[in-house]
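Heads up, the sequence shown is in our numbering, so the first residue is 14 and it goes up one at a time. In this text, a Cβ means the ideal position worked out from N, Cα and C, and glycines have one as well.
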Amino acid sequence: MKRLLAFFIISALLFALSACGSDAPSAPLVDVGASPALSGADSIGSDAAAFNAENGKTPAARVDDTAAAIYNGTEGITLYGAAAYTNTGDCPIIIESADFTFTAGGETFEHSFVPPLAEYAVLMPGETSFLTAWAPQASETALSAGMEVSLSVSLTPRRAEAARTLLLVDRLYLADNYPNFTTLSGRITCAGALGCEMNVIHIGFYDAEGTFLGAWYFTKNTLLEGDESKNFVVQMYGLPLDSLAERANSLSAIGFGFTL
C-alpha cells in the first residue's frame, strides 16, 4: 500500500512538472483555469461495487443559472437554451431527463429531452456541469430572431450506478471569427487509469460580473490512455452568442470519457 501511494504521488508530481514546462498557445483572448479537481471516487476505476458502497442513495440536482436566445439557425427560427446545474445530493448522479420551458412573446414553448450521452456524464456531489438544447420552430411561428426570451429548467436526476472516467479540461481559449462564430481550443487530460476512446465535454461561459452567458458541448473520437493529454480545437457553429470571446471573462468545463 505504501509503495502504491508513493507511485501515485510521484506520478502526480511528474504530471504537474510537465504541465508547467509546456508552452501555452499564443495570443489568447480568454484564458481560464482547469476543470474541477479529481474526486476520490475516480481512483476506484472499474470497481463499481466499491464505488457505489461508499456513496449515498439520494440523487438531487439544483439548477444554478439559465440562459436563452432566439436566433435564425440553419433550420429557421430556433430557441437556444442552456443551464448550469450542481449535484446537491449525497451520491453520484446522471441527468435522466431535462425539461426546458421557454417564454417569449406571451407564449410558452416546452422542450423535453434526454441529454446526449447522459449515461457517461456522472457528476459527483458538489460538482457543476451544463446542459444545452436547440429547439427549431415551425415555419409559421410568430417568434423572430432577437426577441426577448426567458427559460426555466427542471431536471430529473438518477443515481449513477457505474464509475466514471473524468476528463480534466484546461488551457481554454476563445477566438471570435467571421462570419459570426467562435472557435474554442484547449487541452483534455484523461484522469482515469483505464483511458477512453471517446469523450463528451460541457463548457459554460460567464462574463466579468459572473453572469451566465450560455453553454456548449461537443464530442470527439479521441483515444486517450490513462493520464494522457491531447489538444483540441472546435468551431462553435450554431452558438448564438455574438462576440463571445470579447464578452466572456471566465469558462467552466468538465469532461467525461467512455468507450463504446
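Asked                                                                                                                                                                : Found
Taking Cβ positions, are Leu156 and Gln150 nearer each other than 8 Å?                                                                                               : yes
For the beta strand (DSSP E) that Arg75 lies in, which residues bound it at each end?                                                                                : 74-86
Which one or two residues does DSSP pair with Lys171 in a beta bridge?                                                                                               : Before going further, note that residue 171 is Arg rather than Lys in the sequence given. Its beta-bridge partners are Ile107.
Spatial neighbours of Phe271 within its chain, please: CB distance less than 6 Å, with the 5 preceding and 5 following residues excluded, ordered by chain position. : Tyr133, Cys209, Met211
Measuring straight from C-alpha to C-alpha, what distance separates Glu153 and Trp147?                                                                               : 18 Å
So, helix, strand or coil for Arg200, using DSSP?                                                                                                                    : strand
Would DSSP call Tyr250 helix, strand or coil?                                                                                                                        : coil
Going by CA-CA distance only, name the one from Phe115, Thr202, Leu273, Lys70 that's closest to Leu237.                                                              : Thr202
Is it a yes or a no for the region 161-179 touching the region 71-88, going by three-plus beta-carbon pairs under 8 Å?                                               : yes
Arg260 lies in the alpha helix (DSSP H); which residues open and close that run?                                                                                     : 257-260
Tell me which same chain residues have a C-beta within less than 6 Å of the C-beta of Glu123, skipping the five on either side of it?                                : Thr114
Short check: CB of Thr178 to CB of Gly205, under 8 Å?                                                                                                                : yes
Quick check on the burial criterion: 16 or more other C-beta atoms within 10 angstroms. Buried or exposed for Asn85?                                                 : exposed
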